[in-house]
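Structure follows, in structure tokens:
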């Protein structure tokens, strides 16, 4: 089991549990020089970006239309924590199609590559319409996938997991 | 931003080609109209792009949830599986907890 906690202030903590062994990784154990990059990486998540859409000091700009895989999309740039992200959205449904950004140094294997996290398989759950599948490409090449199984709003949690 | 040096260069080139007489004055006139029009377009395009960008992101949120509920969300938890086809790695179960203490910068 891989547990990941992501705070919208950029704090990230991953705890990998294998059998009775566990260890943590994330901003809490990253060397200080990489903390800023960890914050930037955590700021590339779709929900976090959208939560900042109307914050005056967060730069937002419409970049124009594109055609991707025969589909017309609109592209909006948003800069959060110094990271430029481009949100692709469907021209007709306005659903998010993808978020693309430059990888950060904490992603050692894919440093300085364009990461594109695309969303598909939208389903309604708990009043939200969410993408149940995320596919990540790096430099245009397939990287990995994420399949959502369940979603809970307002869960109970110990806020101390974000204290480092 | 209007590229002033390029504009001057273009205007200068125009006046070198037709420096005198009616044609020269006409070229200056059109160059001036071009510079003013370009500057006006540049001055209005950035706010328009920002407003349209924020408006489109609002539509994204509307496509996913009731915006008021979306913005008041304090935390969410997702369970899922992460895997890589190419690497043939094992599928790992992932739980992600994302708290949103409050909206905006400095969360």
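Chains as they are written, first to last, in my numbering: chain A, 1 to 164; chain B, 1001 to 1107. By construction, the Cβ of each residue, glycine as well, lies at the ideal position given by its N, Cα and C atoms.
Taken in chain order, the members of the region 1065 to 1082 of chain B whose beta-carbon sits within less than 9 Å of a beta-carbon on chain A are 1065, 1066, 1069, 1070, 1071, 1073, 1074, 1075, 1076, 1077, 1078, 1079, 1080, 1081 and 1082. Counting along the chain, the unbroken alpha helix (DSSP H) around residue 1068 of chain B starts and ends at 1067 to 1072.
Residue 1065 of chain B and residue 139 of chain A have their alpha carbons spaced roughly 31 Å apart. Counting along the chain, the unbroken beta strand (DSSP E) around residue 123 of chain A starts and ends at 114 to 125. Listed in chain order, the non-local C-beta contacts of residue 1096 of chain B below 6 Å within the same chain comprise 1078, local neighbours out to five positions each way being set aside.
Look at residue 41 of chain A here: in three-state DSSP terms it is helix. Assigned with DSSP and collapsed to three states, residue 59 of chain A falls in coil, not helix or strand. Not flagged as an interface residue toward chain A: residue 1032 of chain B, since no C-beta distance is shorter than 9 Å. In the three-state reduction of the DSSP assignment, residue 1048 of chain B falls in the helix class, which pools H, G and I.
Residue 1100 of chain B and residue 1054 of chain B have their C-alpha atoms roughly 20 Å apart. Under the criterion of beta carbons closer than 8 Å, residue 73 of chain A and residue 88 of chain A qualify as touching, at roughly 5 Å.
Residues of chain B whose Cβ lies closer than 8 Å to the Cβ of residue 157 of chain A are, in chain order, 1075, 1077, 1097 and 1099.
Ranked by Cα distance from residue 116 of chain A, the first of A:102, A:124 and A:128 is A:102. DSSP places residue 51 of chain A in no beta strand (DSSP E) but in the uninterrupted alpha helix (DSSP H) bounded by 46 to 51. Residue environment analysis places residue 78 of chain A among the buried positions, since at least 16 neighbouring C-beta atoms fall within 10 angstroms of its C-beta.
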